[in-house]
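UniProt numbering numbers the first residue of the sequence shown as 1 and each following residue consecutively.
Where is the CB? At the ideal position from N, CA and C, for every residue including glycine.
Below: the structure, in structure tokens.
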Amino acid sequence: MKTTNTRRVWQVVGMGVLMFALVIGSSIYTNKQSTSTEPAIQETSSGTVSLTIGGFYENRRVSIASGDTVLNILQTLNTQDPKLQLSIKEYSGLGVLVEDMYEQKNGTGGNYWQYKVNGIMPQIGADSYTLKDSDSVEWFFGPSEF
């Protein structure tokens with residue numbers, strides 16, 4: 001009888017240790033999972049901008065992530081809208097410029113693709129202008145303003 005009681009005590013102790021290990025292990029796994037997803041959530045969206053492309057889009061709301069540039073949103077839109085047919089070219093000292101959109105190529109009739117942010121034409125390429133939440137981006141095809 002003494003052996004049976006000793007055996008039963010060890011079984012209860014063993015079950016207690018096993019339960020403790022499962023609870024602690026589950027807690028550690030849950031904490032690691034929630035920590036690893038936090039950065040992804042923070043990086044996915046930092047706001048929206050309004051995008052107008054003369055004659056094609058009027059005040060289209062576009063989500064942006066931290067660090068997105070004017071060019072980034074065009075490139076993203078290009079993957080979603082096959083009619084856009086975005087063509088870009090890098091120029092030394094100027095950066096990346098839009099060469100062609102919607103079959104309107106730079107130089108045609110003395111017109112060029114240009115952009116404004118919040119009504120102001122930046123003096124940098126679209127690849128260098130970092131967007132902020134609520135910015136308004138307008139692309140237009142017209143005579144060079146430089």
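Could you give the first and the last residue of the continuous beta strand (DSSP E) run that contains I124? No beta strand (DSSP E) holds I124; DSSP gives it neither H nor E.
Which value, in whole angstroms, describes the spacing of the CA atoms of G107 and L131? Roughly 27 Å separates the two Cα atoms.
Host beta strand (DSSP E) of T48 (start-end): Counted as a single uninterrupted DSSP element, the beta strand (DSSP E) harbouring T48 occupies residues 47 to 53.
For T52 versus D127, is the C-beta spacing smaller than 8 Å? No. Outside cutoff.
Tell me the rounded alpha-carbon separation between E58 and G93. In a straight line, the C-alpha of E58 is about 31 Å away from that of G93.
Would you grab the beta carbon distance between K89 and L97 for me? Rounded to a whole angstrom, and I think it's under 8 Å. The beta-carbon separation of K89 and L97, rounded to 6 Å, stays under the 8 Å limit for a contact.
What residues in its chain sit with their C-beta under 7 Å from that of G125, if we drop five residues either side in the sequence? Answer for G125: L94, G95, V96, L97, listed in chain order.
Quick one, are the C-beta atoms of S144 and Y112 less than 8 Å apart? Yes. Within cutoff.
My understanding is that V49 touches S136, with C-beta atoms under 8 Å, so please give their C-beta distance in whole angstroms. About 7 Å separates the beta carbon of V49 from that of S136, a gap short enough to meet the 8 Å contact definition.
In three-state terms, what does DSSP make of L97? In the three-state reduction of the DSSP assignment, L97 falls in the strand class.
Nearest CA to the CA of I73: which residue from Y129, P122, F140, G142? Closest by alpha carbon: Y129.
Which listed residue (N118, Q123, I64, P122) has its alpha carbon closest to that of S46: Looking only at N118, Q123, I64, P122, the smallest Cα-Cα distance to S46 is reached by I64.
With distances taken from CA atoms, which of K83, K116, Q104 is nearest L71? Ranked by how close their Cα comes to the Cα of L71, the residues K83, K116, Q104 have K116 in first place.
With a Cβ-Cβ cutoff of 8 Å, do Q123 and F140 count as a contact? Cβ atoms of Q123 and F140: not closer than 8 Å.
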